[in-house]
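A.B. asks: In my numbering, the protein residues as written are 6 to 305.
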């Protein structure tokens, strides 16, 4: 098998999963995404790329950031999930290889409704417990992650979480729209570590030529051309650690194609990344990468 063929198979694998995986019971869903830490990171795309040199003197290289979660939602909208996760990167100077397994519980709390019961202010909250094995550092940690977001669906458009603004009727929408998302919480790392961290995740998006894209797609979506800036910050509240706690910054430019809904997308993007992520075994460094991105949720 040629190097090109193996690379194409690797990039196509997540798309094959979309067609092959079917949830079996009512209230069940299967999700592929970037990270299982909280509702914000669950909404980000999984990343994958690989190179397979034909030379016997060169090793295969991988970049994979993905989680798989099987979730059950009960009649009160509580969600219970089982998680498998991998973060591996052999393309960078300080290589990364973390495998995680765990469980999660979550609920979207509605605080304000209008007169007909439509939500106007919600707090999506998650509690995630994971056993994390860092195969590069030969270390295991037990992670407890509690996080919430604050979503408003009323008032000024620019205050609405994950809402594109200005509206398509605005002259500015000929050129660009914006959106933002966030998560705030605490994380405890135990077993080989003993530290409590405060966490803050921020995301700012720009969508180019949204009115043209909306017309081109028959009114289905506007986020085909996307520029995204992400910030992941952590600060210690208790304990000490040798892990890198430097903030992680990611600037990403690429294309995004929806497969029916915003929960199912594929794309390709170029990333400029700087910083560290102790939850995923990423040591502080700076690098650039081109990756295929995919996320989906299958519900039954």
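The C-beta atom is built at its ideal place from N, Cα and C for all residues, glycine as well.
Alpha carbon to alpha carbon, what distance is there between residue 245 and residue 36?
C.D. replies: 34 Å
A.B. asks: Where does residue 201 fall in DSSP's three states?
C.D. replies: strand
A.B. asks: Look at the alpha carbon of residue 8 and the alpha carbon of residue 66, and state the distance between them as a whole number of angstroms.
C.D. replies: For residue 8, the pLDDT reaches just 43, beneath the cut-off of 50, and the residue's location in the model is therefore unreliable, leaving the point undetermined.
A.B. asks: Closer than 6 Å by C-beta to residue 116: which residues in its own chain qualify, once you throw out the five before and the five after it? Chain order, please.
C.D. replies: 126
A.B. asks: Suppose contacts are defined by Cβ-Cβ distances below 8 Å. Is residue 206 in contact with residue 187 by that definition?
C.D. replies: Yes, the pair counts as a contact, with Cβ atoms nearer than the cut-off.
A.B. asks: State the start and end residues of the unbroken alpha helix (DSSP H) segment that holds residue 46.
C.D. replies: 44-47
A.B. asks: Our contact map puts residue 72 next to residue 89 with C-beta atoms below 8 Å; I'd like the distance itself, whole angstroms only.
C.D. replies: 7 Å
A.B. asks: Under the DSSP definition of a beta bridge, which residues are partnered with residue 117?
C.D. replies: 126
A.B. asks: Decide if residue 241 is buried, meaning its Cβ has at least 16 other Cβ atoms within 10 Å, or exposed.
C.D. replies: exposed
A.B. asks: What are the boundary residues of the beta strand (DSSP E) that residue 216 is part of?
C.D. replies: Element bounds for residue 216: not the beta strand (DSSP E) but the alpha helix (DSSP H), 215-221.
A.B. asks: Take every Cβ of the region 105-113, pair it with every Cβ of the region 124-139, and state whether three or more of those distances are shorter than 8 Å.
C.D. replies: yes
A.B. asks: With a Cβ-Cβ cutoff of 8 Å, do residue 261 and residue 231 count as a contact?
C.D. replies: yes
A.B. asks: Could you say which of 279, 154, 153 and 40 lies nearest to residue 294 if we only look at CA atoms?
C.D. replies: Per the C-alpha coordinates, the member of 279, 154, 153 and 40 positioned closest to residue 294 is 279.
A.B. asks: My output table needs one value for residue 174: the three-state DSSP class, helix, strand or coil.
C.D. replies: coil
A.B. asks: Are there three or more Cβ pairs, one per stretch, closer than 8 Å when the region 142-153 is compared with the region 163-181?
C.D. replies: They do not touch, by the three-pair rule.
A.B. asks: With DSSP collapsed to three states, give me the class of residue 162.
C.D. replies: helix
A.B. asks: Runs of 3 residues minimum, wholly inside the region 238-289: which ones carry the beta strand (DSSP E) assignment?
C.D. replies: Correct list: 253-264 and 266-282.
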